[in-house]
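K.L.:
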Amino acid sequence: MELFRKKENLTQHIQTLKSKGLIIGFVPTMGALHDGHLTLVRQAQAECDVVVVSIFVNPTQFNNKDDLRFYPRKEAEDLAMLEKIGCNIVFAPDEKEMYPEPDTRQFNLGPLASTMEGEFRPGHFNGVAQVVTKLFEIVQPHKAYFGQKDFQQLAIITAITKELKYPIEIVPVPTVREQDGLAMSSRNERLTQEQRAMAPVIYKTLKSAVELQHSMTVEEVEQWVIHQIHTSSTMKVEYFKIVNAETLRPIRNWHEKCKIIGCIAVYCGDVRLIDNIFFN
Ligand code: PAF
151 MELFRKKENL TQHIQTLKSK GLIIGFVPTM GALHDGHLTL VRQAQAECDV VVVSIFVNPT
211 QFNNKDDLRF YPRKEAEDLA MLEKIGCNIV FAPDEKEMYP EPDTRQFNLG PLASTMEGEF
271 RPGHFNGVAQ VVTKLFEIVQ PHKAYFGQKD FQQLAIITAI TKELKYPIEI VPVPTVREQD
331 GLAMSSRNER LTQEQRAMAP VIYKTLKSAV ELQHSMTVEE VEQWVIHQIH TSSTMKVEYF
391 KIVNAETLRP IRNWHEKCKI IGCIAVYCGD VRLIDNIFFN
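Using the working numbering, the letters of the sequence shown correspond one by one to residues 151 to 430.
1) So what's residue 376 in DSSP terms, helix, strand or just coil?
2) Report yes or no: do three or more beta-carbon pairs, one from the segment 325-342 and one from the segment 412-426, lie closer than 8 Å?
3) From the DSSP output, which residues share a beta bridge with residue 423?
4) Taking Cβ positions, are residue 429 and residue 378 nearer each other than 8 Å?
5) The ligand PAF heavy atoms versus the CB of residue 130: any closer than 7 Å?
6) Would DSSP call residue 153 helix, strand or coil?
7) Quick one: what does DSSP say residue 326 is sitting in, helix, strand or coil?
8) Give every residue whose Cβ lies closer than 6 Å to any heavy atom of the ligand PAF, listed in chain order.
9) Consult DSSP for residue 288 and reduce its assignment to one of helix, strand or coil.
10) Using only the alpha-carbon positions, how far apart do residue 380 and residue 346 sit?
11) Express the C-alpha separation of residue 297 and residue 324 in angstroms, rounding to a whole number.
12) Would you call residue 291 buried or exposed, if buried means 16 or more other Cβ atoms sit within 10 Å of its Cβ?
13) For the segment 232-280, which segments carrying the alpha helix (DSSP H) assignment without a break, of at least 4 residues, lie completely within its bounds, in sequence order?
14) Please state whether the Cβ-Cβ distance between residue 247 and residue 156 is less than 8 Å.
15) Relative to the alpha-carbon of residue 253, which residue among 281, 167, 266 has its alpha-carbon at the smallest distance?
16) According to DSSP, what are the bridge partners of residue 335?
17) Here's the rule: buried if 16 or more other CB atoms are within 10 angstroms of the residue's CB, otherwise exposed. What is residue 204?
18) Can you tell me the Cβ-Cβ gap for residue 376 and residue 387, rounded? I've got them flagged as a contact below 8 Å.
19) So does the segment 330-338 actually touch the segment 177-188, counting three or more Cβ pairs closer than 8 Å?
20) What residues in its chain sit with their C-beta under 8 Å from that of residue 188, if we drop five residues either side in the sequence?
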């Protein structure tokens, strides 16, 4: 496995590999890797000749200073995990390398970014767009892999890729869960034992909500989920919205001809967890 810290060296190396006809797969991460990330890497390995993983905790996408400060950083362990599963290339730049000067670009992300995460984490998706476009320009992969747990991020990155005409296929990968249903996330490490025991209530409630679509309206199911989590745990729901999975606009009834997804953000203590579930 080769480790690159400098973008020019990586870009040059990848151009050489591409000139040999090799297909490059890319998995961008913020490190603190878990099985969810490794699933992305394994899928990339199955579909590409060379897999590049980036590890960079991107400061511009954090709207909360403490969230950035406490975000887990474990580079040595991450590198060992990637080496073990046969990853080819890791790009782990420092902040100066990624942002030699402040990135002032403002992306017009439209309605996809103004709801849910966009509403509660102002500036978050602009920061994601800044770093992902920089990474895409450095790596120039054929395919890039993103988890469906961050469903809104996936929708926005797919839209930006199309808008900016990057010749990159965005590959969505289903959420990987712990045995008790909790969606894998680097933030799970910050849960206390008690919070960790409570957190599976989120996915359990989402699964029950899917069943309730036969007997309740969309609005009733939204309210039920929030009420259920608040009465069966001490977690606080920030939002739960049932939306069109393509436009992320709210749906009015279950008969709308679109893929329907319910997206949730919950505070478990001061750890913010997100998850989602398809209704059809
Ligand atoms: O999903 C993440 O880990 C991050 O948002 C990403 C895509 C690596 C950009 O920093």
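The C-beta atom is built at its ideal place from N, Cα and C for all residues, glycine as well.
P.N.:
So, from the data block:
1) Position 226 of the sequence shown holds residue 376. Of the three classes helix, strand and coil, the one that applies to residue 376 here is helix, per DSSP.
2) yes
3) For the purposes of this step, residue 423 is taken as the residue at position 273 of the sequence shown. Partner(s): 416.
4) As a position in the sequence shown, residue 429 is number 279, starting the count at 1. As a position in the sequence shown, residue 378 is number 228, starting the count at 1. Their beta carbons are not under 8 Å apart, which means residue 429 does not touch residue 378 by this criterion.
5) The first residue shown for the chain is 151 and the last is 430, placing residue 130 beyond what the model contains.
6) For the purposes of this step, residue 153 is identified with residue 3 of the sequence shown, where counting begins at 1. Three-state result, residue 153: strand.
7) Within the sequence shown, the letter at position 176 stands for residue 326. In the structure shown, residue 326 sits in coil (DSSP, three-state: anything other than H, G, I, E or B).
8) 178, 179, 180, 208, 211, 278, 281, 282, 300, 303
9) Translated into positions along the sequence shown, residue 288 becomes position 138. Helix, per DSSP.
10) As a first step, residue 380 is located in the sequence shown; it is residue number 230 there, counting from the start. As a first step, residue 346 is located in the sequence shown; it is residue number 196 there, counting from the start. Cα to Cα, residue 380 sits roughly 16 Å from residue 346.
11) For the purposes of this step, residue 324 is taken as the residue at position 174 of the sequence shown. For the purposes of this step, residue 297 is taken as the residue at position 147 of the sequence shown. Their Cα atoms are separated by approximately 6 Å.
12) Within the sequence shown, the letter at position 141 stands for residue 291. By the 10 Å Cβ count, residue 291 comes out buried.
13) 245-248, 267-270
14) Your numbering for residue 247 matches position 97 in the sequence shown. Your numbering for residue 156 matches position 6 in the sequence shown. Yes; because the gap between Cβ atoms is below 8 Å, this pair is in contact.
15) Indexing the sequence shown from 1 puts residue 253 at position 103. Residue 253 has its Cα closest to that of 281, out of 281, 167, 266.
16) As a first step, residue 335 is located in the sequence shown; it is residue number 185 there, counting from the start. The partner list for residue 335 (beta bridge, DSSP) is empty, contrary to what the question assumes.
17) By one-based count along the sequence shown, residue 204 stands at place 54. Classification of residue 204: buried, given that the 10 Å Cβ count is 16 or more.
18) On the sequence shown, residue 376 is found 226 positions in, with the first residue counted as 1. On the sequence shown, residue 387 is found 237 positions in, with the first residue counted as 1. Contact flag correct, Cβ pair sits at about 5 Å.
19) yes
20) Position 38 of the sequence shown, counting from 1, holds the residue named residue 188. Closer than 8 Å at Cβ, skipping near neighbours: 231, 235.
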